[in-house]
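A.B. asks: Next up is a structure, given as structure tokens.
Residue numbers (the working numbering): 23 to 191.
Rendered as structure tokens:
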């Protein structure tokens, strides 16, 4: 009989990564505006099972897009998941908050920090611990994300704007 252990574990990691964030949480996080135009962003995801660095990716932010919208767009919530934000601290150049997410098969608790060091750079990190089950087996996974981004150009060229609440996405 073939074991489904690794694939079951990877499926749980995927669910944990998807659970962290989402559109409902976005409304609870006061936000920092981003300079419109072409940005180069890099997101590194680390967990017990894998380390993934997406490598630099070009992202087009439209006028009025915020840091929270970027975070939500890169962290699609799992279906049926509800997240609540607490301990929110917002300054002119930073956002930090705790979040608790509950869903049909998983629960998560985490913390995120984002810093807009100047109009052309932001960094951030998040730490999320997710518990749940996959195929009847209880699992816990910790996912750490690191974000870095820098402004490249006022024109996005051929890069399609990122979907957000403010631009109809």
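For glycine and all other residues, C-beta sits at the position ideal for the given N, C-alpha and C. Since the model is a prediction, treat every value here as computed from it, not as a measurement.
Using 8 Å for Cβ pairs, my map puts residue 170 next to residue 145. What's the rounded Cβ distance?
C.D. replies: The pair is a contact, with the Cβ atoms about 5 Å apart (cut-off 8 Å).
A.B. asks: Fully enclosed by the segment 111 to 171, which beta strand (DSSP E) runs are 3 residues long or longer?
C.D. replies: 116 to 124, 128 to 140, 143 to 156
A.B. asks: Can you find the residues in the same chain that come closer than 6 Å, C-beta to C-beta, to residue 50, ignoring five residues on each side of it along the sequence?
C.D. replies: Note on residue 50: pLDDT 47, under 50, position unreliable in the model; no value is reported.
A.B. asks: Going by DSSP, what residue range makes up the beta strand (DSSP E) through residue 59?
C.D. replies: Element bounds for residue 59: 59 to 68.
A.B. asks: Which residues mark the beginning and the end of the beta strand (DSSP E) in which residue 82 is found?
C.D. replies: Counting along the chain, the beta strand (DSSP E) containing residue 82 begins and ends at 79 to 83.
A.B. asks: As a quick exercise: from 76, 59, 73, pick the residue whose alpha carbon is nearest that of residue 85.
C.D. replies: 59
A.B. asks: Would you mind reading off the limits of the beta strand (DSSP E) that contains residue 74?
C.D. replies: 73 to 75
A.B. asks: Using a Cβ-Cβ cut-off of 6 Å (strictly less than) and excluding sequence neighbours within five positions of residue 2, which residues of its own chain qualify?
C.D. replies: Since the displayed the chain opens at 23 and closes at 191, residue 2 lies outside it and no answer follows.
A.B. asks: Just the Cα atoms here: how many angstroms apart are residue 121 and residue 109?
C.D. replies: 9 Å
A.B. asks: Thinking just about the alpha-carbon of each residue, which of 137, 119, 152 is nearest to the one in residue 125?
C.D. replies: 152
A.B. asks: Would you kindly work out how many angstroms separate the C-alpha atoms of residue 16 and residue 154, rounded to a whole number?
C.D. replies: In this structure the chain extends from 23 to 191, so residue 16 is not present and cannot be described.
A.B. asks: Is DSSP giving residue 93 helix, strand or coil here?
C.D. replies: helix
A.B. asks: Thinking just about the alpha-carbon of each residue, which of 56, 172, 73, 69 is nearest to the one in residue 90?
C.D. replies: Minimum Cα-Cα distance from residue 90 among the listed residues 56, 172, 73, 69 corresponds to 56.
A.B. asks: Report the rounded CA-to-CA distance for residue 143 versus residue 158, giving the unit in angstroms.
C.D. replies: 44 Å
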